[in-house]
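Engineer:
Residue numbers (this note's numbering): -15 to 288.
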């Protein structure tokens, strides 16, 4: 069992994770609403709030993502924060259903529930074992993995641009979720200390790594906007994003530290994440509606 000090820090990081994930997930729905209205055909009666203002609010909410990570990393390793990410799907699913009017089937709701359960299982097992400090992580390996992901993500999105919307939601969710997860891990490595983590890095090399990590946040933000231009559903893309965000740190941290693989408990959690993502992203028999109430949008097309 972990010590009281570590347990307290881990609990604080997990609470920060719940707050952060709720804000970040909701930002996806708000940005999607703004983009949908910006693309909509102008009507005589304008909406209560200008589309540009709605979109700007969503961007502002999304840009808080690195701040939540920085604060959480001060109290415990990154995995504690990322393990709570599935809970934010509750806010996004409700917003998507009642504001964006996206059609969500019972199977997909079950998938979202499995993703949330998977993140809770991961959080439980991480809370009851010694935390994997990132102080000894290989800087070369973390830069290599993050760089390859940043390069591969847009290429994958281009390859599926003519495919079914469900497949595009999976690809964009994996691409953006991985970028955001790697940003958190890279920040965790930069903030890690021999005895405890710090709010800000110490030393030139750690500062350089810390600054470079923001490329992950920028890349994830860009992929999310791109997915909305492709008419991806915020709820479905967000579910795959969440599963990836929670799973990637668990899979790459052992590689960065050169230690043993993922624990059986975490493997069970990852299995639930994968199963949930598959259920969420399975093709629907009805076309999703992603336009806000009372607004009509032009047919998709013209976006790479």
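We treat Cβ as the ideally placed atom computed from N, Cα and C, and that holds for glycine.
1. Which runs of the beta strand (DSSP E) fall wholly inside the segment 126 to 196 and span at least 3 residues, in chain order?
2. Of the choices 3, 8, 39, 7, whose alpha-carbon is the least far from that of residue 19?
3. Helix, strand or coil: which one does DSSP assign to residue 55?
4. Between residue 313 and residue 217, what straight-line distance do the alpha-carbon atoms span, to the nearest angstrom?
5. Please name the residue in 59, 43, 237, 45 whose C-alpha comes closest to that of residue 166.
6. So residue 235 and residue 246 are in contact, right, with Cβ under 8 Å, and what is the actual spacing, rounded?
7. Below 7 Å CB to CB, which residues in the same chain sit around residue 228 once its five sequence neighbours on both sides are set aside?
8. Looking at the secondary structure, which residues open and close the alpha helix (DSSP H) in which residue 209 lies?
9. Beta-carbon separation of residue 201 and residue 49 under 8 Å?
10. Applying the criterion that 16 or more other CB atoms from any shown protein chain within 10 Å of the CB defines a buried residue, is residue 64 buried or exposed?
11. Buried or exposed for residue 297, please, with buried defined as at least 16 other CB atoms from any protein chain shown within 10 angstroms of its CB.
12. Are the CB atoms of residue 83 and residue 17 nearer to each other than 8 Å?
13. Pick helix, strand or coil for residue 234, following the three-state DSSP scheme.
Structural biologist: On the basis of the supplied data:
1. Assignment of beta strand (DSSP E) within the segment 126 to 196, counting only whole runs of 3 or more residues, yields no such run.
2. Comparing Cα positions, the closest option is 39.
3. If DSSP states are grouped into helix, strand and coil, residue 55 belongs with the helices.
4. For the chain, the structure presents residues -15 to 288; residue 313 sits outside this window and is missing.
5. Ranking the options by Cα distance to residue 166, first place goes to 237.
6. Right, their Cβ atoms sit about 6 Å apart.
7. These residues qualify, in order along the chain: 157, 158, 161, 162, 165.
8. Per DSSP, residue 209 belongs to the alpha helix (DSSP H) from 198 to 213.
9. Using a Cβ distance threshold of 8 Å, residue 201 and residue 49 count as a contacting pair.
10. Around the Cβ of residue 64, a 10 Å sphere holds 16 or more other Cβ atoms; the residue is buried.
11. Within the shown structure, residues of the chain are numbered from -15 to 288, placing residue 297 beyond reach of any answer.
12. For the pair residue 83 and residue 17, the CB atoms are nearer than the 8 Å cut-off.
13. In the three-state scheme derived from DSSP, where H, G and I count as helix and E and B as strand, residue 234 is classed as helix.
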